[in-house]
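Remarks on the structure that follows.
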Amino acid sequence: MLDFNLEFARGGAAVATELFELLAAGGLKQNIVFSPFSIQTCVALAFAGASGETADQIAEGLKFASNFHPEVATTFAFVFDKYKDSELLKIANKVYVPRGYDLKPDYQTELKESYNAETDNVNFEESENVAVAINSWVEDKTAGKIKDLVQASAFGALTRLVLLNALHFKGLWAHKFEEEQTVEGDFWISEEESVKVQYMNHKAKFGYGFFEELDCQALELPYKDSDLSMLVLLPNEREGLKTLAEKLKSVNLVDLAGNLEANEDVVVQLPKFKVEYEVELTETLKKV
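Okay, so the sequence shown: first residue is 1 according to UniProt numbering, each after it adds one.
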């Protein structure tokens, strides 16, 4: 019997590596951060109302385990229900349509029951008001972390549908990095160039492994009181990130994480970092 939750996770991992490869194709001159789950969710909101070839293309492109609406909806509903009252991970979805447009009742029901999505009718010609409403909603759902997500110029008389997913994650490490163990060190951004950064240090039994086919090391950092974790991949060569990005499509990150073993103490040195990133994904998604 097919485990749709496992296949959903594997599909999300496949989307992550494929999008990362596409976004990194122009050269890794900046940090890249995105949520494949958010992307899958937004497109799934459209998938819920799609049929025929359109539904098939969405299911294939976003690596859903099935093109059968109830199976996809059940999997998303499982995730949303699991984290409904979570303080660690907050997820919110919303669909905006023009004032005067009525969504089909069965579509609205599926959005609410399976995707926990709100719906709202707005006048897209009043673009400033729409932008304010959307940005306020996003800021509220992300605890103020994401501000001014959209501009008024994105909306107009021809706008027919806006799909939104807001995701806020704030976790504590299961193995805490103590502040007094933070030290300054070199972080290499090329073979010849380095910058000074603050490194967090800790020694504990972490999931760890070396993967010759990727020429990298992998480390799993679990979060406290959760089944979520951070998976870190470190190329063995200083300038090996581009090559690693290209090789990732040959593996699935879910399978890779499943092969990590936490049998021995691992000394972890992780740089403190803060990342902000904005990208227009329309053209990129067409290539998926």
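Ideal Cβ placement from N, Cα and C applies to all residues, glycine included.
Small disclaimer: the values here were computed from a predicted structure and weren't measured.
| Item | Value |
| --- | --- |
| Going by the DSSP bridge assignment, what does Ser-194 pair with across the sheet? | Trp-188 |
| Is it buried or exposed, Leu-270, if we count other Cβ atoms within 10 angstroms and call 16 or more buried? | buried |
| With a floor of 4 residues, list each alpha helix (DSSP H) that falls wholly inside the segment 24 to 51, ordered by position along the chain. | 36 to 47 |
| Can you find the residues in the same chain that come closer than 6 Å, C-beta to C-beta, to Glu-128, ignoring five residues on each side of it along the sequence? | Ala-152 |
| Could you name the residues that DSSP lists as bridge partners for Trp-173? | Tyr-223 |
| Cα-Cα, which of Tyr-115, Ser-51, Ile-134 and Ser-114 is closest to Asn-121? | Ile-134 |
| Name the two residues that bound the continuous beta strand (DSSP E) containing Thr-119. | 117 to 122 |
| Given Glu-184, which residues of its chain have a CB within under 8 Å of its CB, disregarding the five upstream and five downstream residues? | Lys-196, Val-197, Gln-198 and Tyr-199 |
| Could you have a look at Gly-209 and say whether DSSP puts it in helix, strand or coil? | strand |
| How many angstroms separate the CA atom of Phe-78 from the CA atom of Ala-65? | 14 Å |
| What does Ala-204 pair with, by DSSP beta-bridge criteria? | Val-266 |
| Among the residues of its own chain, which have a CB less than 8 Å from the CB of Met-1, if the five just before and after it don't count? | Note that Met-1 scores a pLDDT of 38, beneath 50, so its modelled location is shaky and nothing firm can be said. |
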